[in-house]
Amino acid sequence: MKKIFFLISSLFTIIPFKINSVAKKLDKEKNKVDNVLELGKDIDKSNAKDSSGKYKHNISNFFVIGDSLSDVNGLTTFVEQRIKALKLNAELIIKGDAYGFYKDEKFFNCFSNGPTAAFLLAEKLGIKCLKPSNIYSEGVNGFGNSYAVAGATAGKLNTNSGAFLNDVRIDIQARALIQQHKINKNDLVFFEIGGNDLAYIVKLIQIGEDYTSYLEDATERIKIALFSLLNNGIKNILFMTPPPIDFPPIFQDIMSKKEYILIKEVILLATDQFHKNIIEVLELTNEHYKNCVHLFDLYKNTEFLKNKFYKTFWFKKKKLALEMINTSATNWEEVEVELTIGEQTRSINGVRDLISLLPELIFASKKANNKILIQINSAKFNDPINFDCYFFVDKLHPNKNVHYIVFKILYKKVKKIMKHSKNK
Numbered sequence: 001m002k003k004i005f006f007l008i009s010s011l012f013t014i015i016p017f018k019i020n021s022v023a024k025k026l027d028k029e030k031n032k033v034d035n036v037l038e039l040g041k042d043i044d045k046s047n048a049k050d051s052s053g054k055y056k057h058n059i060s061n062f063f064v065i066g067d068s069l070s071d072v073n074g075l076t077t078f079v080e081q082r083i084k085a086l087k088l089n090a091e092l093i094i095k096g097d098a099y100g101f102y103k104d105e106k107f108f109n110c111f112s113n114g115p116t117a118a119f120l121l122a123e124k125l126g127i128k129c130l131k132p133s134n135i136y137s138e139g140v141n142g143f144g145n146s147y148a149v150a151g152a153t154a155g156k157l158n159t160n161s162g163a164f165l166n167d168v169r170i171d172i173q174a175r176a177l178i179q180q181h182k183i184n185k186n187d188l189v190f191f192e193i194g195g196n197d198l199a200y201i202v203k204l205i206q207i208g209e210d211y212t213s214y215l216e217d218a219t220e221r222i223k224i225a226l227f228s229l230l231n232n233g234i235k236n237i238l239f240m241t242p243p244p245i246d247f248p249p250i251f252q253d254i255m256s257k258k259e260y261i262l263i264k265e266v267i268l269l270a271t272d273q274f275h276k277n278i279i280e281v282l283e284l285t286n287e288h289y290k291n292c293v294h295l296f297d298l299y300k301n302t303e304f305l306k307n308k309f310y311k312t313f314w315f316k317k318k319k320l321a322l323e324m325i326n327t328s329a330t331n332w333e334e335v336e337v338e339l340t341i342g343e344q345t346r347s348i349n350g351v352r353d354l355i356s357l358l359p360e361l362i363f364a365s366k367k368a369n370n371k372i373l374i375q376i377n378s379a380k381f382n383d384p385i386n387f388d389c390y391f392f393v394d395k396l397h398p399n400k401n402v403h404y405i406v407f408k409i410l411y412k413k414v415k416k417i418m419k420h421s422k423n424k
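First residue of the sequence shown: 1, per full-length UniProt numbering; consecutive thereafter.
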């Protein structure tokens, strides 16, 4: 996925965007709010629509905010809506063995080889389809119920990718949700974030920079997001913590290298502190809004997930190595890019070649009024027959069967939450 974000962040660096970043504007205006009960009270709700319905367990609406663990068409929709500012007709598709799925003959972009846990949960609740939305979505018909975008963080990124990813920060996602929808007491929000924050903290430690200010900023923005929802009427939030940083194969690879042995302990201490900070924020919400925020602590339950996955899927094929749970089904680095302008399609030899050609291609497209289609294909499965037995589809994202296990856990929690909600 690193190459994918390198491509997308480069798009936002090369193209001279004429629209102001919402995050940048808000950060300039940001004043520290001492009273948490005032957070989110400044959000303009004049264009909010009533999108409520009648779903299972007396749920009136279901919203998702988060990152790639929940993203279904979120990243691609966000990029396309940002590019519209240039009056370009552009589409981004992320496909390949590892990414995306078809449902009712329609393709859905996501960072797994099947539906995410949030997507499955929405279906189970009776919601036909999660629709992506973000702070740039326009018109009531353009507002969706899923704000999760791959690459999203809680903290503010001071990187090239921050040029676009800061606009899908968790506090901005929460703001967009409240701005776009009228809230009812039986609405439910699934809230997960933090994996990309942990990755950024690792990067800061690797280059010898102080990570504590970023960690504090990420924690503060999770607090802002939660209280923005609660202060505007949300009464049911299911919060999922990020997994430990040494859980995905990519970070196992990094921390097994000799040069990182000395900083491994620092990395683990930092990620433990982030988890502790998150729990403290959740405890704070409970002081003001008792029993409104409920926890699935993925950080503490990754071993349970591994064991459940092993018993459910791997154990049926005893000849396969147990190491498949700790490795990925595809080669992380193999990414193919296809570019279509009008009727002509060409394969690009590497992401850097595409980036070097972009200014010329965009100019030609605007001149001819042609549509630009950028398709990023993930690597093929290393073991197509047994790919379902790999816990990870790449070195960061879980297999669809892992999502299914998490969905089952989340659904049990939702039933309890909504049963309790009747008595509020």
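Note that the Cβ used here is the ideal one computed from N, Cα and C, for glycine as well.
Checklist entry - What is the DSSP secondary structure of Val202, counted as helix, strand or coil? => result helix
Checklist entry - Less than 9 angstroms separating the beta-carbons of Ile224 and Ala174? => result yes
Next on the checklist: Our contact map puts Ile193 next to Ile170 with C-beta atoms below 8 angstroms; I'd like the distance itself, whole angstroms only.
Outcome noted: 5 angstroms
Next on the checklist: Quick check: Ala150 and Asp71, are their CB atoms within less than 9 angstroms of each other?
Outcome noted: yes
Checklist entry - What is the DSSP secondary structure of Leu125, reduced to helix, strand or coil? => result coil
Checklist entry - Where does Lys257 land, buried or exposed, given buried means 16+ other C-beta within 10 angstroms? => result exposed
Item to check | Beta-carbon proximity check, Asn231 vs Asn61, cutoff 9 angstroms | outcome: no
Item to check | Proximal residues to Asn307 (C-beta, below 8 angstroms), its chain only, five neighbours per side dropped | outcome: none
Checklist entry - CA-CA distance, Pro249 and Pro384? => result 19 angstroms
Checklist entry - At what residues does the beta strand (DSSP E) containing Lys106 begin and finish? => result Lys106 to Phe108
Checklist entry - Quick one: what does DSSP say Tyr330 is sitting in, helix, strand or coil? => result According to the sequence provided, residue 330 is Thr. The question's Tyr does not apply to it. Residue state, collapsed to three classes: strand.
Checklist entry - Counting pairs of Cβ atoms below 8 angstroms between the region 103–112 and the region 176–183, do you hit three or more? => result no
Next on the checklist: For Ala148 and Pro132, what's the separation of their Cα atoms in angstroms?
Outcome noted: 8 angstroms
Item to check | For Asp187: DSSP bridge partner residues | outcome: Asn61
Next on the checklist: I need the DSSP call for Asn377, collapsed to helix, strand or coil.
Outcome noted: strand
Next on the checklist: Suppose only complete runs of 3+ residues qualify. What are the beta strand (DSSP E) ranges in the region 214–299, listed by chain order?
Outcome noted: 237–240 and 293–296
Next on the checklist: Would Ile59 and Leu165 be called neighbours here (beta carbons separated by less than 9 angstroms)?
Outcome noted: no
Checklist entry - My guess is that Val393 and Thr330 are in contact by the Cβ rule of under 8 angstroms, so how many angstroms apart are they, rounded? => result 6 angstroms
Checklist entry - If you draw a straight line from the C-alpha of Lys203 to the C-alpha of Ser146, how long is it? => result 29 angstroms
Item to check | Endpoints, the beta strand (DSSP E) within which Phe101 is located | outcome: Phe101 to Lys103
Checklist entry - When you compare only the Cα positions, how much space is there between Asn113 and Gly96? => result 9 angstroms
Checklist entry - By DSSP, does Asp71 sit in helix, in strand, or in coil? => result coil
Next on the checklist: Beta-carbon within less than 8 angstroms of Ser228's beta-carbon, same chain only, minus the 5 sequence neighbours each way: which residues are those?
Outcome noted: Leu39, Gly40, Ile43, Asp171, Ala174, Arg175 and Ile178
Next on the checklist: Can you tell me where the beta strand (DSSP E) holding Lys95 begins and where it ends?
Outcome noted: Ala90 to Lys95
Checklist entry - Relative to the C-alpha of Ile237, which residue among Ile205, Thr285, Phe247 and Leu262 is closest? => result Thr285
Checklist entry - Considering Glu303, what are the terminal residues of the alpha helix (DSSP H) in which it resides? => result Thr302 to Thr312
Checklist entry - Which partner residues does Lys49 have in the DSSP bridge list? => result His181
Next on the checklist: Let me confirm a value: Gly233 is counted as buried when at least 16 other C-beta atoms fall within 10 Å, else exposed. Which label applies?
Outcome noted: exposed
Next on the checklist: Taking the straight line between their C-alpha atoms, what separation do you get for Phe17 and Glu209?
Outcome noted: Unreliable positioning characterises Phe17 in this predicted model, as indicated by a pLDDT of 46, which lies under 50. A coordinate reading is not provided.
Checklist entry - What does Ser146 pair with, by DSSP beta-bridge criteria? => result Val64 and Pro132
Checklist entry - With a cut-off of 9 angstroms, does the C-beta of Lys49 fall near any C-beta of chain D? => result Within the model displayed, chain D is absent; a lone protein chain is all it includes.
Item to check | Coarse secondary structure for Lys415, derived from DSSP in three states | outcome: helix
Checklist entry - Do you know whose CA, among Glu287, Val281, Asp388 and Lys45, lies nearest His403's CA? => result Asp388
Next on the checklist: Once the 5 residues before and after Met240 are set aside, which same chain residues still bring their CB inside 6 angstroms of it?
Outcome noted: Glu192, Phe296 and Leu298
Next on the checklist: Using only the alpha-carbon positions, how far apart do Gln252 and Asp50 sit?
Outcome noted: 45 angstroms
Next on the checklist: the ligand PLP and His403: does the residue's C-beta get closer than 8 angstroms to at least one heavy atom of that ligand?
Outcome noted: Judged by which ligands are present, the structure shown has none, so any question about the ligand PLP falls away.
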